[in-house]
Amino acid sequence: MVLFFTSTAVSPPVTIYMGRDKVENEELLKYGLPTDVWFHVDKLSSAHVYLRQSEGEPHGDWDNLPAALINDAAQLVKANSIEGNKKDNITVIWTPFTNLKKTGDMAVGQVSFHADKKVKRVKVVTRDNVVVNRLNKTKVEKEVDHESERQERLRAEGRKKKASAIEQQRVADEQKKKWAEEKSARTYEGMFTEEAIEGAREEWSDDDFM
Numbered sequence: 001m002v003l004f005f006t007s008t009a010v011s012p013p014v015t016i017y018m019g020r021d022k023v024e025n026e027e028l029l030k031y032g033l034p035t036d037v038w039f040h041v042d043k044l045s046s047a048h049v050y051l052r053q054s055e056g057e058p059h060g061d062w063d064n065l066p067a068a069l070i071n072d073a074a075q076l077v078k079a080n081s082i083e084g085n086k087k088d089n090i091t092v093i094w095t096p097f098t099n100l101k102k103t104g105d106m107a108v109g110q111v112s113f114h115a116d117k118k119v120k121r122v123k124v125v126t127r128d129n130v131v132v133n134r135l136n137k138t139k140v141e142k143e144v145d146h147e148s149e150r151q152e153r154l155r156a157e158g159r160k161k162k163a164s165a166i167e168q169q170r171v172a173d174e175q176k177k178k179w180a181e182e183k184s185a186r187t188y189e190g191m192f193t194e195e196a197i198e199g200a201r202e203e204w205s206d207d208d209f210m
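What follows is the structure in structure tokens.
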């Protein structure tokens, strides 16, 4: 089961999700999106929490997220860490989903990183029940068919790319037509200059005497 939350700390609201247990966390590691942002308590066991950033998200890139949104995700991670929830002054880390590294020798739910420089940290002084309660009120638990969602996403991306290619071709065709019309107009302009008209008159005069 996957748990979904809605953060209203920013506008428009953002979806936050996490696995119910380490087995589900392992599944999420296979099906996250490149635009997702992963959160976890540093050096302690905790839930794997993800921000579902959409393409072109107005809230910014993974390394430039609003502080309020980071706080929501960090509070949710802390609240879902057995040890971390009991401690103050813990550190929460986050990184883009694409930076997560999973190898066959790792335990279920365990991950590392491709690049440590892409891992950011924030200090969480204490649990903020106002934030946690607000998020918990939005919680929805769903059974997710990850593979079906992945296939539908790929089809949607394919349709989007096809539509984009068609639009680009339409724009290119219109530009070619415009250039052809401008070239044709320049040709006709040359035909009606004073020199061209005078030359035509001379030809007509010569013809009259033939």
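In the UniProt record's numbering, the protein residues as written are 1 to 210. A virtual CB, placed ideally from N, CA and C, is assigned to each residue, including glycine.
Name, in chain order, the residues that DSSP records as bridge partners for residue i.
{"i": "E141", "result": "L3"}
{"i": "K101", "result": "S112"}
{"i": "W94", "result": "F39, K120"}
{"i": "L51", "result": "I16, V37"}
Less than 9 Å between the beta carbons of residue i and residue j, yes or no?
{"i": "A47", "j": "N80", "result": "yes"}
{"i": "N25", "j": "G84", "result": "no"}
{"i": "L65", "j": "L44", "result": "no"}
{"i": "G32", "j": "F97", "result": "yes"}
{"i": "K101", "j": "S112", "result": "yes"}
{"i": "D145", "j": "N71", "result": "no"}
Can you tell me the Cα-Cα spacing of residue i and residue j, whole angstroms?
{"i": "K123", "j": "K78", "result": "11 Å"}
{"i": "Q75", "j": "Q151", "result": "32 Å"}
{"i": "N99", "j": "H114", "result": "5 Å"}
{"i": "V125", "j": "S7", "result": "20 Å"}
{"i": "K118", "j": "P34", "result": "14 Å"}
{"i": "E174", "j": "E167", "result": "11 Å"}
{"i": "E143", "j": "E149", "result": "12 Å"}
{"i": "A172", "j": "E182", "result": "15 Å"}
{"i": "R170", "j": "K177", "result": "11 Å"}
{"i": "F209", "j": "W179", "result": "With a pLDDT of 47 at F209, under the threshold of 50, the predicted position of this residue should be treated as unreliable, though the coordinate-derived value follows. Distance between the alpha carbons of F209 and W179 is about 42 Å."}
{"i": "K162", "j": "R186", "result": "36 Å"}
{"i": "K86", "j": "R155", "result": "44 Å"}
{"i": "M1", "j": "D116", "result": "30 Å"}
{"i": "Q53", "j": "S164", "result": "22 Å"}
Excluding sequence positions up to five away, which residues of its chain have a Cβ less than 6 Å from the Cβ of residue i?
{"i": "F5", "result": "I16, L135, T138, K139"}
{"i": "V132", "result": "Q75, A79"}
{"i": "L29", "result": "K102"}
{"i": "D105", "result": "none"}
So residue i packs on residue j, CB below 8 Å; how close in whole Å?
{"i": "V37", "j": "W62", "result": "5 Å"}
{"i": "F39", "j": "A9", "result": "About 14 Å separates the two Cβ atoms, so there is no contact after all."}
{"i": "L69", "j": "V14", "result": "6 Å"}
Considering only residues of the same chain and omitting the five flanking positions on each side of residue i, which have a CB-CB separation below 7 Å?
{"i": "L3", "result": "Y17, M18, R20, K139, E141"}
{"i": "V41", "result": "V77, K78, S81, G84, I90, V92"}
Spell out whether any CB of chain C is found under 9 Å from the CB atom of residue i.
{"i": "R159", "result": "Chain labels in this structure do not include chain C; a single protein chain is all it has."}
Near residue i, what residues of its chain come up, given a Cβ to Cβ distance below 8 Å and the 5 sequence neighbours on each side ignored?
{"i": "V49", "result": "I16, Y17, M18, W38, F39, H40, A73, L76, V77, N80"}
{"i": "T95", "result": "V37, W38, W62, F113, K118, V119, K120"}
{"i": "T103", "result": "S112"}
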